[in-house]
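Here the structure comes first, spelled out in structure tokens, and everything after it is commentary.
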Amino acid sequence: GESVGLHLPTLSVQEGDNSIINCAYSNSASDYFIWYKQESGKGPQFIIDIRSNMDKRQGQRVTVLLNKTVKHLSLQIAATQPGDSAVYFCAENRSGSAGGTSYGKLTFGQGTILTVHP
Amino acid sequence: EADIYQTPRYLVIGTGKKITLECSQTMGHDKMYWYQQDPGMELHLIHYSYGVNSTEKGDLSSESTVSRIRTEHFPLTLESARPSHTSQYLCASSEYQGAREETQYFGPGTRLLVL
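What follows is the structure in structure tokens.
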């Protein structure tokens, strides 16, 4: 079935290093991807998104790369800080309509635990 | 910061009790969602709604039910709680944009423990 999964369940880095979190997806019809950050005891927080007509998008300290050929998505965090410690989820959204109505369904991957050491 | 709220944040309850998890958003979003999440695991969609009086089952089968009488409110009810219902429940909302991509905004979640 359709799935979005992460290569590495945990990632441990030193403060100031760059972090790369990877995600593989299997649905080639997916055309919109989102990265969420979830801190302990909180709901997922939107970080950055990218549409399938792009291969790179940059935000503040974060960059998302999309490789449609191999169905791979990555999140790069520059100068990682202790406050970046959280679980990171990628999610795919296949926009378009089904029966005339789109409900923006998201499929989430398992999550990567990022730990930043001071 | 998303204006979406969930209560209670934590709930410990005995088997067989009826519970309602509340979710409210003040963004005027048409669409709302309920996800179930076990610790460290992915989110599974259990219910969603396009708007008032619209509710649909999600990908993961759930014994819970939902209602959408007002745009801003999307409560989830378990008629008879069981230990297997122990999990975190996350509510989300998004603005309908037709066929375009829609970012979902999440509430803080309710952690449910059924004894």
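Sequence lines, in order, name chains A and B.
So the first sequence is numbered by this note's numbering: it starts at 314 and just counts up by one.
So the second sequence is numbered by this note's numbering: it starts at 194 and just counts up by one.
Cβ atoms here follow ideal geometry from the backbone N, Cα and C, with glycine treated the same way.
{"query": "Within chain B, partners of A:GLY396 - CB distance below 9 Å", "result": "Under the 9 Å cutoff, chain B gives no residues; its nearest Cβ is about 15 Å from A:GLY396."}
{"query": "Within chain B, the residues that A:GLN389 reaches when beta carbons sit closer than 9 Å", "result": "Correct list: empty, because the minimum Cβ distance to chain B is about 20 Å."}
{"query": "Beta-carbon proximity list for B:GLY207, same chain, < 7 Å, skipping 5 on both sides", "result": "LEU308"}
{"query": "Coarse secondary structure for A:GLU328, derived from DSSP in three states", "result": "coil"}
{"query": "CB of A:TRP348 within 8 Å of CB of A:ILE360, strictly", "result": "yes"}
{"query": "Same chain, Cβ closer than 7 Å to B:HIS278, neighbours up to 5 away in sequence not counted", "result": "LEU271, LEU305 and VAL307"}
{"query": "B:LEU204 to A:CYS403 span [Cα, whole Å]", "result": "28 Å"}
{"query": "Residue-level contact to chain A via CB, B:GLY233, 8 Å cutoff", "result": "yes"}
{"query": "Partners in chain A for B:GLY221, counting only beta-carbon separations shorter than 8 Å", "result": "Those do not exist, as B:GLY221 stays about 16 Å from chain A at its closest Cβ, beyond 8 Å."}
{"query": "A:LYS362 (DSSP reduced to helix, strand or coil)", "result": "A quick correction: the sequence has Asp, not Lys, at residue 362 of chain A. Here A:ASP362 sits in strand by DSSP."}
{"query": "Beta-carbon gap between B:GLN218 and B:GLU265 smaller than 8 Å", "result": "yes"}
{"query": "Exposed unless 16 or more other CB atoms sit within 10 angstroms - verdict on A:ASN406", "result": "buried"}
{"query": "For B:MET220, the residue or residues it bridges with in DSSP", "result": "Answer by DSSP bridge pairing: none, since B:MET220 is not bridged."}
{"query": "A:SER341 - DSSP class collapsed to helix/strand/coil", "result": "coil"}
{"query": "Integer Cβ distance of B:LEU283 from B:TYR228, believed to fall under 8 Å", "result": "4 Å"}
{"query": "CA nearest to the CA of A:VAL326, picked from A:THR376, A:PHE346, A:LEU419 and A:ASP397", "result": "A:ASP397"}
{"query": "Separation of A:GLY372 from B:GLY244, as counted between CA atoms", "result": "32 Å"}
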